[in-house]
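Protein chains in written order, with my numbering: chain W, 509 to 1190; chain G, 509 to 1190. Even for Gly, the Cβ is constructed at its ideal location relative to N, Cα and C. Predicted model, so just to flag it, every value in this text is computed and none were measured.
So, in structure tokens, the structure goes:
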């Protein structure tokens, strides 16, 4: 205990000290965890002074309007310290009542175990999976810098806010912290300020046994501005924040030496405070040590008054509104565009753009890799959608993600719409989520489909938060050829489809690619994956009904007269193989229907009548064809159906030879059609 | 071009220079890529001098016996530079003929696009997904250090070899490089020496626009020994290697300034040499520039002679065999044990140990979390299996992975059998694969099931290489409760099952946990995941037949008289819920069978007769129950069946309440049984 404590009651009440204000956070955290008998008191108790100084003196926010566009963004990357954030939100005046805190970690409480994205109460992003808040923060800070470059005018900095990140040892051990912080240093995100809770303790104990990094030196190597301070000393914290804000160019790391569970009389400084309730006795001891006499969940009024930020917050936003008013007068078109962007409304002419893109897709006649079709789409929609912000994890020429006329962001010039993210799939994906959460952008980024593995939990987090991020995954099957099994996706298609609230499109040709891109842009309640071939695929003929139905995710691409004897379902590059087989069997007088299924999620979301019209229950002879695992297709073909897929690893060789070797041929599909018809006739 | 070139022909042939030897690698790489019209010439051409010096003067290996236990391990983490490795293997005398190199990247060639683990030709690990070779290398070096501590005796260092890693910009941008290298520095893996191909170029161009790290400083922050040299200067390379070897304590980074595609007359130093053939003209120009007159795939005899390492390799191994002979004389029991470990033979008494563990599992009567059952198993098998090397990604007290009597490895004392890997799921998993590849160990490591997402591609690589690594994934469903949706697995169970050659066990109680652990230890052709509950589950009664059948992965746990009217399939914590429902329906006079399916992979691998005996095709009324996505279960229940699962995210609350909220109740299973029976009667 480095600071004197004195009782907070007494008449007249003295002005609360900073330490007393911080202690409110400590007591709320330990009491809520104790009541739930579940949670993490240690980090909130160790970081309370930092939080108090930041939120009281520096954070630009308005509890009455958590959506204020120019607010500072605060991210608790060590999300297990959730009670710290709930305490801050409650105390400063967000609509998060003490009843919610009393119900911490109970079903229905907004005070969930880990913070869950909810702007109505000021939670900027969902955290808990370590390191990802840091990468989200890099995305937030990048979005701010990009948007400022695009919209700010002399004397009118309408975009001018900081991104503040709290993180712990776990975040900095995770690899994603390297990817994100290396990128942030390179891009000189000077308004990103991160506080490292350097308490030397993680769940397994004292970290020096497994994490001996010189972290300040590591961040200097990334080009960051680094300070090391006593994280329990409010004056030092304030000084460090001022220095970090004064540093215009480099992102800042404030390395805060703290004591986990500070205030707990016997457990402070130990892993015992990390992830469980302190226990009744230890809580009582902490109350005594902190000089706290109020009962659980009661905050003395003078402390509450000192914490409240509603008036200051309103004033802060009012100043900005005044600025924005002047901006609107001076630059009306820009102001309108800024509002459109921040409201996430597509441009008025977007439907025209989308139609033109579709027409362009339909006009393609030659065989073309869908990654090239995608490039052509981007060339059309990129210039028409200023909010589109692209990139690739160092596979730009392979992913075909750089559209014609796109301007590349560099460390020297941030006014652009494309970023070379480097070989950092996870960091890119989580940063993209941060960009989407910030607002003003629709981010897309490319890599090979196989390397979605590297970024998987970022996709999950974007899905959980319903964020519009678009991943362009090329090289989508063994058809990629020579790079071999390490690069050939097998399980990825189906395993990505399993992520709730994520949409995967695997178009068969340029037309379906156009539809996929339109769906990706318009689908604003979750991530979309646009999954594309490396190799050329033929263009599919389709009638008006088929064309209109592509956007339903699954549709009849080629039909027969009368009730089909068999239905073939195919996706992506396998549609053309399936079509050839279907044509042969039709030519032999059999009634076979071909269904193209570029997006199972959209198809499943159609009404029952439509689904029945495409896949009539009465037709049980069915064949699914996809160059990926068979697992999920049994649901569509039934136990008696056939699935032509691949449930083992691929091989290095010419793409066409590899496809043939593993059975993706019209001959094989034809055989399966006959087998399934025989099976269902039995 | 920094060194003079002179023709390599002439009589009498002069002794080849080092540069001339290196140029063989360059020419082979550019010619093979040109012939395949696919591949990566740039990195082999840039790193050829480093490779030549290392393999010629330092690498301890015997091309005639690529399995020699005390060989140095060489890892090409930048696996796209595969032609460099193939050239080295061919030239030094491994059984990798020039015909294979001629067929580089063609179906059936052992010279695949990326190196594929194959000890018969000296390929230590499969690489390509960037950064993972680095983490494999950390595992190799750790295994060497552990094994040396366990077996070496004074004057008899039978385990004494280096781990050499080549890596590029991509590897060092990837987050896993941070996780692995931070751990390696902490653990003082002094015999790990890494060469960084610092050529400033990645696929998107000059890396300074997206990767501005001061990499030497970064590695100093990890506690590494760091040198920066001209990677085209053989003398500097040799000096740096000697200094790295002299450094006993810290791992070494040799930061090699190189030029990508060195030797190509117009494209050297540019991204154009990275990932495609140079083109006929450029290849011709390079031949001229390098003074190379031999036709493609022909190596002049004096160069081949100078490269050949067969004699020196045999001599090196013979010296070791002599040492090992003395060791055997002095320490016969240790020598026998060392041989057993390196041959990956389980101890003779292992079946007894496994039987005792099973008996202990059966003896449990009280409700118990399967993570606790697993801890009890580990307490029994850990001390009996010296090759078992455990750990956790900083969740030891939650994963219950530290067995009684285990000795923890520390930076100061490496003689142990448990490692705190830190919050580094990906690094841990890939390092474990390296440990398994090295030989002498069966590694296991724990984290929460959800965070398998972070390590997914490492699981894939271990599966692709058929390595025995065991992942202990606790907190396996929404039943974990308060930590909420970020921590509650939903899609993970099914998405992991999709990875080819990976085995997932989700035991229902202590008995099934014992069987799962035995299977994990004995399954030596791929990774096993042992997936465990956080919450308590009741113990299941089973007869002798059921007990004997657990190891088949799926079996009849509770049967009815006669042909079942309905079959219920359940896994893990849902087995007890399903059993309660089955008992109720049976009590109401219906014939219902309960199948426990802890391991779908093992069940699927049974013969058709066994599978039919458990799931008779005639019984179409089926219900599957698992607290995960429904996706894969349709294959087992058919289109008309029912699946009780969860296809959306969970919620923070008490585990039992969350399970109930989302329908994992006996009532709900009972309802589904009735529905499915009605459905199939129609």
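{"query": "With a threshold of 8 Å on Cβ separation, who are the neighbours of residue 510 of chain W within its own chain once the five nearest residues in sequence on each side are excluded?", "result": "Interpretation of residue 510 of chain W is limited by its pLDDT of 41, a score under 50 that renders its predicted location unreliable; the figure taken from the coordinates is listed afterwards. Excluding residues within five positions, the ones whose Cβ falls inside 8 Å are 738, 740 and 741."}
{"query": "Assuming residue 615 of chain W contacts residue 1159 of chain G (C-beta within less than 8 Å), just tell me the rounded distance between them.", "result": "6 Å"}
{"query": "Could you compute how far the alpha carbon of residue 594 of chain G sits from the alpha carbon of residue 1052 of chain G?", "result": "54 Å"}
{"query": "Less than 9 Å between CB atoms is the rule here; does residue 952 of chain G satisfy it with respect to chain W?", "result": "no"}
{"query": "For a test of the three-state rule: what should DSSP assign to residue 920 of chain G, helix, strand or coil?", "result": "coil"}
{"query": "Count Cβ pairs between the segment 658-675 of chain G and the segment 834-843 of chain G that sit closer than 8 Å; are there 3 or more?", "result": "yes"}
{"query": "Would you verify that the beta carbon of residue 569 of chain G is, or is not, closer than 9 Å to some beta carbon of chain W?", "result": "no"}
{"query": "If you drop the 5 nearest sequence neighbours on each side, which residues of the same chain put their C-beta closer than 7 Å to that of residue 766 of chain G?", "result": "554, 555, 705, 706, 707, 739 and 740"}
{"query": "Taking the alpha-carbon positions, what's the residue 812 of chain G to residue 991 of chain W distance?", "result": "29 Å"}
{"query": "Taking all protein chains shown into account, do 16 or more other C-beta atoms lie within 10 angstroms of the C-beta of residue 627 of chain G, making it buried, or fewer, making it exposed?", "result": "exposed"}
{"query": "Does chain G have any CB closer than 9 Å to the CB of residue 614 of chain W?", "result": "yes"}
{"query": "How many whole angstroms separate the CB atoms of residue 641 of chain G and residue 584 of chain G, which I take to be in contact at a CB cut-off of 8 Å?", "result": "6 Å"}
{"query": "Measure how close the beta-carbons of residue 669 of chain G and residue 579 of chain G come, nearest whole angstrom, since I'm counting them as under 8 Å.", "result": "6 Å"}
{"query": "I want to know whether the segment 920-940 of chain G touches the segment 603-613 of chain W - three or more CB-CB distances under 8 Å.", "result": "no"}
{"query": "Going along the chain, which residues of its own chain have a beta-carbon closer than 6 Å to the beta-carbon of residue 1070 of chain W, five neighbours each way excluded?", "result": "1099"}
{"query": "Name the one or two DSSP bridge partners that residue 714 of chain W has.", "result": "W:709"}
{"query": "What do you get for residue 801 of chain W, buried or exposed, if any count of 16 or more other CB atoms within 10 angstroms of its CB means buried?", "result": "exposed"}
{"query": "With a CB to CB cut of under 8 Å and the five nearest residues on each side skipped, what residues in its chain are close to residue 949 of chain W?", "result": "651, 654, 655, 849, 895, 896, 897 and 943"}
{"query": "Output needed for residue 1014 of chain W: all residues of its chain with C-beta closer than 6 Å, excluding positions within five of it in sequence on either side, in chain order.", "result": "1039, 1079, 1080 and 1106"}
{"query": "Please state the DSSP three-state secondary structure of residue 626 of chain G.", "result": "strand"}
{"query": "Contact defined as beta carbons within less than 8 Å: I believe residue 480 of chain W pairs with residue 523 of chain W. What is the distance between those atoms, to the nearest angstrom?", "result": "Chain W is shown from 509 up to 1190; residue 480 of chain W falls before or after that span and cannot be answered."}
{"query": "Using a Cβ-Cβ cut-off of 7 Å (strictly less than) and excluding sequence neighbours within five positions of residue 770 of chain W, which residues of its own chain qualify?", "result": "553, 554, 740 and 776"}
{"query": "Measuring straight from C-alpha to C-alpha, what distance separates residue 857 of chain G and residue 1043 of chain W?", "result": "54 Å"}
{"query": "Could you spell out where the alpha helix (DSSP H) holding residue 694 of chain G opens and where it closes?", "result": "683-694"}
{"query": "Rounding to the nearest angstrom, what Cα-Cα distance links residue 1003 of chain W and residue 1060 of chain W in this structure?", "result": "21 Å"}
{"query": "Straight-line CA distance for residue 517 of chain G to residue 537 of chain G?", "result": "Low confidence applies to residue 517 of chain G: its pLDDT is 47, below 50, so where it sits in the model is not reliable enough to give any reading."}
{"query": "Below 7 Å on C-beta distance, what does residue 620 of chain G contact in chain W?", "result": "992 and 1160"}
{"query": "On the criterion of 16 or more Cβ atoms from any shown chain inside 10 Å, does residue 756 of chain W qualify as buried, or is it exposed?", "result": "exposed"}
{"query": "Between residue 1072 of chain G and chain W, is there a C-beta pair that is closer than 9 Å?", "result": "no"}
{"query": "What number of angstroms, rounded off, separates the C-alpha of residue 710 of chain G from the C-alpha of residue 795 of chain G?", "result": "24 Å"}
{"query": "Using 10 angstroms around the beta-carbon of residue 1017 of chain G, count the other beta-carbons present and answer buried if the total reaches 16, otherwise exposed.", "result": "buried"}
{"query": "Buried or exposed: where does residue 912 of chain W fall if 16 or more other Cβ atoms within 10 Å of its Cβ makes it buried?", "result": "exposed"}
{"query": "Which residue comes first and which comes last in the beta strand (DSSP E) that contains residue 906 of chain G?", "result": "First-last for residue 906 of chain G: 904-907, but that is the alpha helix (DSSP H), not the beta strand (DSSP E)."}
{"query": "Sort W:1128, W:606, W:589 and W:1146 by Cα distance to residue 634 of chain W and report the nearest one.", "result": "W:589"}
{"query": "Helix, strand or coil for residue 858 of chain W, going by three-state DSSP, please let me know.", "result": "helix"}
{"query": "Would residue 941 of chain W pass as a contact of residue 644 of chain W if the rule is Cβ separation under 9 Å?", "result": "yes"}
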